[in-house]
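Protein chains in written order, with this note's numbering: chain A, 12 to 151; chain B, 12 to 151; chain C, 12 to 151. Structure first, then comments.
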């Protein structure tokens, strides 16, 4: 049993962009030469989150965004914006609801994903960002 | 320290059905003969998710469904459905928001759940499905 | 590799109170004398949940609450309340959507959080509560 920690770095344009990080996670498992265990993925920061989704344009460019707009509309009043005089209150709320962490088992050296299930970062911030996802593997 | 991986299989009717998988998780821990560690549960697929809830009919048959209908109404327009000519766009969005993974510690051979807290799969798809949840235990 | 399990106890006033438990998690890691590994946090109970957020008053006292009010309004009809003749149906629904578990990697003896990212419990119940969060560390 061992622990291996890597960082996955991605550049995003924010505004709800959905980035597929499945290949990066697969590569991290392969580099670690681990066969079976759990990959804990954790987004460092408070305006993006992690989940899984079928990575196809309809969901990724429209449908997920429409749901987040219902939960935390971009044009609602956010006291966070009054604190900092910025415009990303909705981004913080959406990220907290989505969640910063995802735990994915791997078996035979590969994550146990479905065929149409990808691991994604959703960046809700209102500008271009460089994002770090910690990918920590515990296994053997 | 060791890793044990099992699959929990359930049949569902979809349409937001909530399935209690607590006993299956408890049995997996018992079979593994582990005393203390973490159970990582992961739903394989993109139209169902995992959480915990007090498993009683009011919440399970009505209240959770009402909230998901606010977030991703069944009758809204989903571009996913235009891509695939199907009717489960809301199921994908709800599943991504709920999340595919859940991490539950176990101590003395049992998960650290509250008395009125059960582990559930919620299947949002629009037809009967056979579902697989990976239950991976790391502990000693 | 070893497992260490602690309990974090907090007193809350419910009604969506957001409690910062970051220091308690950091102390648990320090006490365990572990350098690298994963902290699995799990809220025991069905009317509160865990996430990360920038812990500042605007988000914590107003903006998160406004989003949860959209998802599961306090004054909506909950069949859970008809089952138990209580008033916390919205609390159960919000907690299930937020999620009971959070997995946070730690490296060099500290969680890999962003500068403006804190680990929080959100208590949705409608009265004062004493809450238990299991903090289980697996690492070396």
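Here a beta-carbon is modelled for each residue, glycine too, at the ideal position from N, C-alpha and C.
Item, Value
"CA-to-CA distance, residue 126 (chain B) to residue 146 (chain A), given in whole angstroms", "33 Å"
"Proximal chain C residues relative to residue 103 (chain A), where beta-carbon distance stays under 8 Å", "64, 65, 70 and 74"
"Chain B within 8 Å of residue 117 (chain C), Cβ atoms only", "no"
"Chain C within 8 Å of residue 41 (chain B), Cβ atoms only", "no"
"Which residues DSSP lists as bridging residue 112 (chain A), in chain order", "A:53"
"C-beta neighbour in chain C for residue 77 (chain B), strict 8 Å", "yes"
"8 Å Cβ cut-off: residues of chain A touching residue 20 (chain B)", "Near residue 20 (chain B) there are no residues of chain A at all, since even the closest Cβ is about 14 Å away, more than 8 Å."
"Close beta carbons around residue 89 (chain C), own chain, < 6 Å, minus the five adjacent residues each side", "100"
"Residue 50 (chain C) vs residue 117 (chain C) beta-carbon contact at 8 Å", "yes"
"Burial state of residue 151 (chain A), where buried means 16 or more other Cβ atoms lie within 10 Å", "exposed"
"Classification of residue 129 (chain C) by the beta-carbon crowding that lies within 10 angstroms, buried from 16 upward", "buried"
"Whole-number beta carbon distance between residue 28 (chain B) and residue 94 (chain C), since they are thought to touch under 8 Å", "Their Cβ separation, rounded to whole angstroms, is 19 Å, which puts residue 94 (chain C) and residue 28 (chain B) out of contact at 8 Å."
"8 Å Cβ cutoff, residue 26 (chain C) in contact with chain B", "no"
"Validate contact between the segment 40-49 of chain B and the segment 73-90 of chain C using beta carbons, cut 8 Å, 3 pairs", "no"
"Proximity test, Cβ basis, 8 Å: residue 85 (chain C) and chain A", "no"
"With 16 other Cβ atoms within 10 Å as the buried cut-off, status of residue 119 (chain B)", "exposed"
"Own chain, CB closer than 6 Å to residue 105 (chain B), minus 5 neighbours either side, in chain order", "79, 83 and 135"
"Contact set between residue 147 (chain A) and chain C, taken where Cβ atoms lie within less than 7 Å", "49 and 116"
"Proximity test, Cβ basis, 8 Å: residue 120 (chain B) and chain C", "no"
"Touch test, the segment 69-79 of chain C against the segment 70-79 of chain A, Cβ-Cβ under 8 Å, three pairs minimum", "no"
"Alpha carbon of residue 124 (chain A) to alpha carbon of residue 111 (chain A), nearest angstrom", "19 Å"
"Exposure of residue 107 (chain B), with buried meaning 16 or more beta-carbon neighbours within 10 Å", "buried"
"Reference residue 20 (chain A), options A:91, A:31 and A:97, closest by Cα", "A:31"
"Residues bridged to residue 149 (chain B) [DSSP beta-bridge criterion]", "B:14 and B:49"
"Collapsed DSSP secondary structure at residue 22 (chain C) in the structure displayed", "strand"
"Chain C contacts from the segment 133-145 of chain A (Cβ-Cβ distance under 9 Å)", "143 and 145"
"Beta-carbon contacts of residue 57 (chain A) that lie in its chain and below 7 Å, excluding the five residues immediately before and after", "103 and 106"
"First through last residue of the beta strand (DSSP E) which encompasses residue 28 (chain A)", "28-31"
"Nearest-angstrom Cβ-Cβ length linking residue 144 (chain A) and residue 52 (chain A), presumed shorter than 8 Å", "6 Å"
"From C:65, C:55 and C:140, residue whose alpha carbon lies closest to that of residue 59 (chain A)", "C:65"
"Range covered by the alpha helix (DSSP H) that runs through residue 75 (chain B)", "75-82"
"Contacts of residue 123 (chain A) in chain C (Cβ-Cβ under 9 Å)", "Neighbours of residue 123 (chain A) on chain C: none; closest Cβ ~16 Å, over 9 Å."
"Residue range of the beta strand (DSSP E) that includes residue 129 (chain C)", "129-134"
"Residue 63 (chain B) in three-state terms, based on DSSP", "strand"
"Own chain partners of residue 33 (chain A) with C-beta closer than 6 Å, once the 5 adjacent residues on each side are dropped", "129 and 130"
"Unbroken alpha helix (DSSP H) run spanning residue 91 (chain A), endpoints", "90-95"
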